[in-house]
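Numbering (the working numbering), first residue to last: 30 to 184. C-beta: ideal position from N, C-alpha, C; glycine also.
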Amino acid sequence: MPGFNTLADTIPIDFSGQSGATGTMVSEQLDHYEVGTWTPVLTGVTSFSPSIAIGLYTRIGNLVRFKFRIYASWSEDGQGIITGLPFTGGDTIGSGPTLGYQNAEDEAVPTFYTWGASTEIRAFDMFDGGQPWVPPTITNKYLVGSGIYTLQDGP
30 MPGFNTLADT IPIDFSGQSG ATGTMVSEQL DHYEVGTWTP VLTGVTSFSP
80 SIAIGLYTRI GNLVRFKFRI YASWSEDGQG IITGLPFTGG DTIGSGPTLG
130 YQNAEDEAVP TFYTWGASTE IRAFDMFDGG QPWVPPTITN KYLVGSGIYT
180 LQDGP
């Protein structure tokens, strides 16, 4: 395609010619950029039947920004876990994605976290001492969210 340069997989973009920040420089190379889709799945529930389950992501270096939307029905069973993130997260828990939960009948306000070296997002009920959040039975509701997490092989 005219006007575009294609780089080999092993050649990162080097920004070392730019003036540095006042902090300690770790790297001035961008070694990965990718945009794509993923399919979020809510596990830990029974009879999960989504009519919409779409996720988008952008990876820049070792950071992944994601968003998703699920419109579905399910039955209460166990801890709500969203699986299928496009890359394995780092070893630490709690990249802290921001998620919205639409259900006027449920008094719980779950807090969601990426879960260690996995492709999962887990939910906890912070009003119940941080216990795992058990999604109530839902009929045709949205579960939407977005977040950023660090990859397993990143600093």
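R151 has its alpha-carbon roughly 5 angstroms from the corresponding atom of Y142. Beyond the five residues adjoining it in sequence on each side, T72 comes within less than 6 angstroms, by CB distance, of I110 and T112 in the same chain, given in chain order. Cα atoms of A146 and E105: separation of roughly 26 angstroms, rounded to the nearest angstrom. C-alpha of T168 to C-alpha of A101: approximately 7 angstroms in a straight line. DSSP places D157 within a helical segment (H, G or I) once states are collapsed to three. Assignment of A152 by DSSP, reduced to helix, strand and coil, places it in the strand class. In terms of Cα proximity to G158, the closest of P139, V173 and G118 is P139. Inclusion of T117 and T66 in the CB contact set at 7 angstroms is not warranted, their separation being larger than that value.
G84: member of the beta strand (DSSP E) spanning T75 to I89, first to last residue.
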